[in-house]
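Accompanying notes for the structure given below.
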Amino acid sequence: MNKKFKIVSLFCGCGGIDLGFEEAGFSIISSDDIKNYLEFKDEEPEVVANKYIEDMTKKYRDYRKLSISR
247 MNKKFKIVSL
257 FCGCGGIDLG
267 FEEAGFSIIS
277 SDDIKNYLEF
287 KDEEPEVVAN
297 KYIEDMTKKY
307 RDYRKLSISR
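Mind the numbering: the sequence shown is residues 247 to 316 in the working numbering, read in order.
Structural data, given as structure tokens:
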């Protein structure tokens, strides 16, 4: 059985390290940064945000319920 490690990326910036982890076989379950996706979209439209940037506080209100086991 080939299970992927699940990780949460905090302070992800543009998501470069997330892409590296994904290429190494990890599964990114959520990412968060100070600037959320909408701020990037409005303030810096030329920047392409990767698919993991989202408001983690809305998706995972209670971090204790995250499934991070292997």
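All C-beta atoms in this analysis are idealised placements derived from N, C-alpha and C, irrespective of residue type, glycine included.
Inset, instruction - Give every residue of the same chain whose Cβ lies closer than 8 angstroms to the Cβ of Phe251, excluding the five residues on either side of it in the sequence, and list them in chain order. - result: The count along the sequence shown starts at 1 and reaches residue 251 at position 5. Closer than 8 angstroms at Cβ, skipping near neighbours: Gly271, Phe272, Ser273, Arg316.
Legend entry - Length of the line joining the Cα atoms of Gly266 and Asp279: Position 20 of the sequence shown, counting from 1, holds the residue named residue 266. Position 33 of the sequence shown, counting from 1, holds the residue named residue 279. Approximately 17 angstroms between the Cα atoms of the pair.
Inset, instruction - Using three-state DSSP, classify Asp264 as helix, strand or coil. - result: For the purposes of this step, residue 264 is taken as residue 18 along the sequence shown, with counting starting at 1. The answer is helix: DSSP assigns Asp264 an H, G or I state.
Legend entry - With 16 other Cβ atoms within 10 Å as the buried cut-off, status of Gly261: Against the sequence shown, residue 261 aligns to sequence position 15. Classification of Gly261: buried, given that the 10 Å Cβ count is 16 or more.
Legend entry - Sequence-distant residues of the same chain with beta carbon closer than 6 angstroms to Asn296, five excluded per side: Sequence index remark: in the sequence shown, residue 296 carries index 50 (1-based). Bear in mind that the predicted position of Asn296 carries a pLDDT of just 48, short of 50, making it too unreliable to give a figure here.
Inset, instruction - Report the rounded CA-to-CA distance for Leu256 versus Ile275, giving the unit in angstroms. - result: Here residue 256 corresponds to residue number 10 of the sequence shown, with the count starting at 1. Here residue 275 corresponds to residue number 29 of the sequence shown, with the count starting at 1. Going by the C-alpha atoms only, they are around 11 angstroms apart.
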